[in-house]
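Asker:
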Amino acid sequence: MSVIGIDFGNESCYVAVAKAGGIETIANDYSLRATPSFVAFAGRNRVLGVAAKNQQVTNMNNTIGGFKRFLGRKFNDPHVQEEIRSLPYQVEAMPDGGIGIRVGYQDEEHVFTPEQITAMLFTKLKEDASKELKTQINDCVVTVPSFFTNAERQALLDAANISGLNVLRLMNETTATALSYGFYKQDLPAPEEKPRNVVFVDCGHASLQVSACAFQKGALKMLACCSDSVGGRDFDMMLAMHINKEFQTKYKIDATTKKRAFLRLLTEAEKLKKNMSANSTKLPLNIECFMNEIDVQSSMQRSEMEELCSHLFARIESTMRKLLSDSKLSVEEIHSVEIVGGGSRIPAIKQLIEQIFGKPASTTLNQDEAVSRGAALQCAIMSPAVRVREFSCTDVQAYPVLISWDDSEGPHELKVFEQYHSAPFARMLTVHRKEPMTITLKYEPNSVPFPDPFIGSYQVKGIKPDVNGEAQEVKVKVRINGNGIIMLASATIYERKESEEPVSPAANGEQKTGDAGQQPGASPQEGDDSGKVGEPMDVQEDKKKKVTTKHVELTIDSKTHGFLPSDLHKFYEEEIKMIANDRQEKERIDAKNALEEQVYEVRDKIQEDGSLHAYIEPQEASEICRELEETENWLYEDGESCEKGVYKERLDKLRARIDPVRIRCDEYNGHEQAFTELGYSIQQTLKAVEQYRAKDPKYDHLTETEMINITEAAQKAQKWYEEARSKLVGARKTQDPPVKLADIRHETQTLTTCTNSVLNRPKPKPPTPPADQQQNGPSSNNNAGATGGDQKDSNAPKQTTEDSMDVE
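Just so you know, we're using the numbering used here here: the sequence shown kicks off at 521 and counts up by one.
#1: From this set, Pro1287, Ala895, Thr1223, which residue's C-alpha is nearest Leu690's C-alpha?
#2: Shortest alpha-carbon distance to Ala900 belongs to which of Cys660, Lys644, Ala1194?
#3: Of the residues Leu688, Gly724, Gln736, Val719, which one's Cα is nearest the Cα of Pro709?
#4: Quick check on Ala1134: buried or exposed, where buried means 16 or more other Cβ atoms within 10 Å of its Cβ?
#5: Let me make sure I understand the geometry here. Which of Lys1247, Tyr701, Thr655 has the alpha-carbon closest to that of Thr884?
#6: For Gly930, name the three-state secondary structure that DSSP assigns.
#7: Starting from Gln1255 and walking both ways along the alpha helix (DSSP H), at which residues does that stretch end?
#8: Could you tell me the distance, in whole angstroms, from the CA atom of Ala890 to the CA atom of Leu872?
#9: Rounded to whole angstroms, what is the Cα-Cα separation between Ser830 and Arg784?
#10: Between which two residues does the beta strand (DSSP E) containing Ala732 stretch?
#11: What is the C-beta distance between Phe810 and Ala781, in whole angstroms, given that I count them as a contact (C-beta under 8 Å)?
#12: Quick one: what does DSSP say Asp549 is sitting in, helix, strand or coil?
#13: Could you tell me the alpha carbon to alpha carbon distance between Arg605 and Asp1158, rounded to whole angstroms?
#14: Take the Cβ of Asp495 as the centre, count every other Cβ of all protein chains shown within 10 Å, and call the residue buried at 16 or more, exposed below.
#15: Who are Cys723's beta bridge partners in DSSP?
#16: Measure the Cβ-Cβ separation of Ile983 and Leu1074 and say whether it is below 9 Å.
#17: Could you give the distance in angstroms between the alpha-carbon of Leu849 and the alpha-carbon of Glu603?
#18: Suppose you measure from the CA of Thr578 to the CA of Ala1141; what does that come to, to the nearest Å?
#19: Could you check the C-alpha separation between Asp627 and Ala562 for me, to the nearest Å?
#20: Any idea if Cys533 is buried or exposed, counting beta-carbon neighbours within 10 angstroms, 16 or more meaning buried?
#21: Thinking C-alpha only, which one of Asp678, Val600, Lys654 is nearest Ser1086?
#22: Can you tell me the Cα-Cα spacing of Met796 and Ala760, whole angstroms?
#23: Taking the straight line between their C-alpha atoms, what separation do you get for Leu1198 and Ala540?
#24: Which whole-angstrom value is the C-beta distance of Val570 and Pro556, which I expect to be below 8 Å?
#25: Could you give the DSSP three-state label for Ala538: helix, strand or coil?
#26: Cα separation between His855 and Ala639?
#27: Examine the Cβ distances between the region 968-983 and the region 591-603 and report whether three or more of them are shorter than 8 Å.
#28: May I ask you to report which of helix, strand or coil DSSP gives Asp956?
#29: Could you compute how far the alpha carbon of Glu910 sits from the alpha carbon of Leu699?
#30: Considering only residues of the same chain and omitting the five flanking positions on each side of Asn1302, which have a CB-CB separation below 6 Å?
#31: Given Thr1080, which residues of its chain have a CB within under 6 Å of its CB, disregarding the five upstream and five downstream residues?
#32: Tell me, to the nearest whole angstrom, how far the beta carbon of Thr1275 is from that of Thr1205; I am working on the premise that it is less than 8 Å.
#33: Under three-state DSSP, which class holds Phe937?
#34: Please specify which runs of the beta strand (DSSP E), each continuous and at least 3 residues long, are wholly inside the region 959-996, giving them in chain order.
#35: Could you tell me the boundaries of the beta strand (DSSP E) in which Glu602 lies?
#36: Once you ignore the five residues that flank Tyr1188 on each side, which residues in its own chain have a CB closer than 8 Å to its CB?
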């Protein structure tokens, strides 16, 4: 089981995986760690990631980028209308008021929702991770901006479901960054000590998030998080608009009148911005054939850019100062300021950080990959398949939440969660009702970047008066789950029943109490504090009557954000079909490319200087060339969009014509080597026979019959060798050779097998002498020694029988 974390960004995505050796960021099929957040439609197939970004200029109407900002929003949202103005593709309203993106796909017009487009990108990330890890990918943790509301978070979950991903948790990007910072820190203060406060500044492509976090050993707690929709793309836009005004004066051209030209200008402005971050001198900007075949050029210095974007820096400064106010931290209480995100590389932002927080910007973290690494760590902590030391993360709810309902006394409204309330969390509220009720959850007005603060409407059914016609106690649980989504989790009615039962004396005056502030089965770590609201009422007794309370779960019909299960299933089926179509289209294109490559390869090889020219008749070569030309013309005309089988059939037909020539070429070219191997085997065999005749001890265990057999085999092979070489002397290379490579190799193998079985047979071991000879052996050995060339000293003392027995 693989444990991955996905950083889904507005411009690019990163995927990190938790392994035994730590956290590793996965590379895509272009060997890049960053996968652009782009989806393109090119005719009959989809193009995802890097390939989609590369064709943005040439296929801009069908290349979709920046769709993250559309998740969970309506078409008439002012934010959406502002985004649409700078987009090259077509965005329209859906029948339900949502957003639709119109593209050309499979020679038809299709309208996809932002959730479907996001699911397509997730499919690409899932595929890249599966290829890299060589295993199936299912579970993951996906990061979201901390300012995302219920609608946006639910939309992202829907997109993951469409792509077949199981999201264990939606994690705020600020929290993921803090986790990747604190998890490996060994010098964090103990739980009883004062925590270490660290500020994180994340300036990405489309947003700024500034957060404060308190660290202790094995735990982190988010204190506050402020954000603004200012990012790197806003600086690019300011530079592009400024340079375009210069072009209007200097070259009399306006790039805003042509989407493709302005897109090129934005790309060059982004490059200029990145260069200015590392260089304070004046830098040039040159674009060839920009508009009307005019080459344009300009230049800018960093100080000019900072003056041009002063209002953007002012927004960044106000966001940082708001964090200081909301977190209630003084500058002295802040340990350090860590920066992440591509936009934080701008020197002016680093100067603002030092000016406001009194500390230089620290780059302990990888500015691009910190978020995905934190997500992978969280996924590893949650996964049972990976052993990771525990690290507690306490997040915050970014916006205050209100709950409202109506009864006979009129409408009621209550703030159920304050801003920066701990999350996940659950709160139990008690109401007294006689009939069903409708509960509405919403954000506090003007606190969210949404025109509509609506969270959800919940119809609580099954409420009825008690036997006396009085209102009954109803407890509703409002929860912020681990994904940061707010919901009405449950509603319970407590029905009282009176019964005449004898009461034991010991029970008189006693009252059994139940926990009315927490629903049975609720986990204590969820933070239920409803005990402050409710009263104990499980069992009440008197001397004559016993009142028992029955807990009854009520049915809740909810109306919230997100797709219906039927719609989700339909979109999932569509995604599966598109994945299958992509695979089929890839196979079709591969078959077409294989045929095209074969045409060019064969043409080059049968020409005069080609490797096959000497092995084919001129007439046959002319026929094949004519066939190649017809195939090439067909490929660029009628064969442009045929099925895979058609290309494969033509390829097989072409190979059937050229394969005999290739085989003939291989035969002739391999003859020399094969004959050399056969001749070497013959020489080695005859050499071994000569050594045997010369009484070489190496072969003294072989018999005369065996040597005669291998001699005859070598002579037979020698005769076949000479006859085969003579047959090839007058053979024409345009005809099949009279001697095949397989025949030569067969003769070599036959001779080698025959000789090796004899020549490589090991010598037999010498026989063991009888026991009586072993006993007499020492005396005979001594006598032999006495008569040998080395005579022993006659005056030496004689050895005893025991000593002589030791001699071998």
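Think of the CB as a built atom: it goes at the ideal place given N, C-alpha and C, for glycine as much as any other residue. Given the structure is predicted, the values throughout are model-derived calculations rather than measurements.
Answerer: So, to answer that:
#1: Looking at the Cα atoms, Ala895 is the closest of the given residues.
#2: Cys660
#3: That would be Gln736, whose Cα lies nearest to the Cα of Pro709.
#4: Around the beta carbon of Ala1134, fewer than 16 other beta carbons sit within 10 angstroms, so the residue counts as exposed.
#5: Tyr701
#6: strand
#7: Here Gln1255 belongs to no alpha helix (DSSP H), and DSSP marks it neither H nor E.
#8: Each residue's alpha carbon lies about 22 Å from the other.
#9: Taking the Cα positions, Ser830 is about 25 Å away from Arg784.
#10: 728-736
#11: That belief holds up - the Cβ atoms of Phe810 and Ala781 are roughly 6 Å apart, short of 8 Å.
#12: coil
#13: 40 Å
#14: A question about residue 495 goes unanswered here, because the residues of the chain that appear run from 521 up to 1328.
#15: Leu728
#16: yes
#17: 35 Å
#18: 41 Å
#19: 9 Å
#20: buried
#21: Asp678
#22: 14 Å
#23: 54 Å
#24: The Cβ separation is near 6 Å, so the contact holds.
#25: strand
#26: 40 Å
#27: yes
#28: For the record, residue 956 in the displayed sequence is Pro; it is not Asp. Pro956 falls in the coil class under three-state DSSP.
#29: 12 Å
#30: Because the pLDDT of Asn1302 is 44, which lies under 50, any placement of that residue in the model is unreliable, and the question is left without a value.
#31: Close CB contacts of Thr1080 within its chain, under the 6 Å cut and outside five residues either way in sequence, are with Gly976 (chain order).
#32: 5 Å
#33: Residue state, collapsed to three classes: strand.
#34: Segments of the beta strand (DSSP E) lying fully in the region 959-996: 974-981.
#35: First-last for Glu602: 598-604, but that is the alpha helix (DSSP H), not the beta strand (DSSP E).
#36: Tyr1135, Lys1253, Pro1257
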